Amino acid sequence: MNNNGGSMASNNETLFRVEHLHVSVENTEILKGVDLVVNRGEVHALMGPNGSGKSTLANSIMGHPRYKVTQGKVLFNGNDVLPLTPDKRAQLGLFLAFQYPVGIPGVVMGNFMRAALKARRGEDVPVREFRKLLDETLDLLKMDPSFVRRYVNEGFSGGEKKRAEVLQMAMLKPEMAVLDETDSGLDIDALKIVAEGINALRGPDLGVLVITHYQRILDYITPDKVHVLFDGRIVKSGGPELVHELEERGYDWITNPEASGAGPEAVAAGKENA
Ligand SMILES: Nc1ncnc2c1ncn2[C@@H]1O[C@H](COP(=O)(O)OP(=O)(O)OP(=O)(O)O)[C@@H](O)[C@H]1O
Ligand SMILES: [Mg+2]
16 MNNNGGSMAS
26 NNETLFRVEH
36 LHVSVENTEI
46 LKGVDLVVNR
56 GEVHALMGPN
66 GSGKSTLANS
76 IMGHPRYKVT
86 QGKVLFNGND
96 VLPLTPDKRA
106 QLGLFLAFQY
116 PVGIPGVVMG
126 NFMRAALKAR
136 RGEDVPVREF
146 RKLLDETLDL
156 LKMDPSFVRR
166 YVNEGFSGGE
176 KKRAEVLQMA
186 MLKPEMAVLD
196 ETDSGLDIDA
206 LKIVAEGINA
216 LRGPDLGVLV
226 ITHYQRILDY
236 ITPDKVHVLF
246 DGRIVKSGGP
256 ELVHELEERG
266 YDWITNPEAS
276 GAGPEAVAAG
286 KENA
């Protein structure tokens with residue numbers, strides 16, 4: 016297993032920047048000012064309790080029409096992508112692996128991949144080149160070649176859907192990938208394969224935002240930075256050690272320090288204010 020520990024050489028150029036992002040869904044404000052910077056070569060982890068807004072951030076980055084950005088910016092290679100439709104964002108090299116990939120009955124996986132690759136590259140991909148890339152990627156992810164003859168995500172198991180998302184990522188070679196709980200529902204072998212697939216793509220030019228609830232995947236993909244999203248804001252950021260702290264102590268000490276009795280300072284401060 017290739018545990019890509021530590022940060023890869025990064026040319027320190029800002030690849031991706033979210034600035035003071037506010038997002039509403041059906042007139043309810045979900046994101047309340049999110050700031051996040053991912054440099055080239057970096058992997059960031061985004062954690063946080065259910066309903067804190069992680070998928071909202073992921074979908075807003077990609078341009079899902081249901082998520083209305085009311086304030087702030089999403090900059091990719093210095094350009095504001097908010098005016099762009101999701102397909103334009105994908106062409107530029109943004110990628111989202113969905114938390115809940117949807118089935119597309121009638122659309123065969125192989126054809127879908129070829130069309131997506133053509134769109135990403137802005138030119139047709141010769142059949143032989145496409146086949147070679149597809150076979151190599153299936154092999155990397157230990158996916159059965161019969162997958163590509165099936166309809167996209169139709170009847171796929173939870174784990175197969177997640178692998179299919181990573182297959183798309185590996186084929187499209189984005190510059191900035193957001194993986195929304197790509198580790199959820201994977202058995203331990205599948206998790207290792209998926210992590211290996213992501214690590215194989217890791218490099219000085221790729222930025223990754225891994226949204227997860229679990230330390231497990233981060234044992235294989237060591238993040239450069241870890242953020243905690245709570246109630247629509249990033250309330251804590253740190254290094255990889257923060258993952259273990261969260262695993263041990265949960266979120267209470269961050270989101271509700273007084274009630275959780277976290278740390279003598281917090282309690283003392285609470286008493287002084289009483
Ligand atoms: N399409 C929608 N319609 C209505 N409410 C929504 C919609 N999308 C998100 N929300 C609400 O926004 C809040 C944040 O949801 P979001 O899916 O971003 O959370 P999350 O952090 O990804 O949670 P989880 O860890 O469970 O995946 C929730 O209260 C959710 O109900
Ligand atoms: Mg989510």
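Each residue of the sequence shown is one higher than the one before, starting from 16 at the first, in the working numbering.
Quick reminder that beta carbons are idealized off the backbone N, C-alpha and C, glycines included.
Note that the structure is a prediction, hence the values are computed from the model and not measured.
- Three or more beta-carbon pairs separated by less than 8 Å are not found between the region 78-95 and the region 247-264, which leaves the two stretches without contact.
- In this structure, L46 lies away from V52, with their beta-carbon atoms at least 7 Å apart.
- Taking 6 Å as the cut-off, one finds at least one heavy atom of ligand 2 near enough to the beta carbon of K69.
- Between ligand 1 and N65, a heavy atom-to-CB distance of less than 6 Å is present.
- The alpha-carbon separation between V243 and P141 amounts to approximately 43 Å.
- Taking a 10 Å sphere around the C-beta of H59, we find 16 or more other C-beta atoms and assign the residue as buried.
- The beta carbons of G247 and A205 sit no closer together than 7 Å.
- A straight line joining the alpha-carbon of P160 with that of Q106 spans about 26 Å.
- Exposed is the label assigned to E262, since fewer than 16 other Cβ atoms lie within 10 Å of its Cβ.
- Between ligand 1 and I45, a heavy atom-to-CB distance of less than 6 Å is present.
- Between the region 145-160 and the region 168-187 there are three or more inter-stretch CB-CB distances shorter than 8 Å, so the stretches are counted as touching.
- Assigned with DSSP and collapsed to three states, I236 falls in coil, not helix or strand.
- The Cβ neighbour count for V117, taken over all protein chains shown within 10 Å, is under 16; the residue is labelled exposed.
- In this structure, Q114 has its CB closer than 6 Å to one or more heavy atoms of ligand 2.
- Taking all protein chains shown into account, D239 has 16 or more neighbouring C-beta atoms within 10 Å of its C-beta and is therefore buried.
- By DSSP's assignment, R248 forms a beta bridge with F245.
- Under the 10 Å beta carbon count, I119 is surrounded by fewer than 16 other beta carbons and is classified as exposed.
- Shortest Cα-Cα distance from G212 to any of I76, T29, Y229, A192 involves A192.
- Judged by their CB atoms, N54 and T71 are not nearer to each other than the 7 Å cut-off.
- Between L194 and A112, the C-beta gap is smaller than 7 Å, which places the two residues in contact.
- Excluding sequence positions up to five before and after G87, its CB lies within less than 6 Å of the CB of E34, H35, L36, H37, all in the same chain and listed in chain order.
- As the crow flies, the alpha-carbon of R165 is around 44 Å from that of T270.
- Within the region 53-112, the runs of alpha helix (DSSP H) that reach at least 4 residues and sit entirely inside it are, in chain order, 69-77, 101-107.
- In the three-state DSSP reduction, S39 falls in the strand class (E or B).
- Between G108 and P189, the C-beta spacing is below 7 Å.
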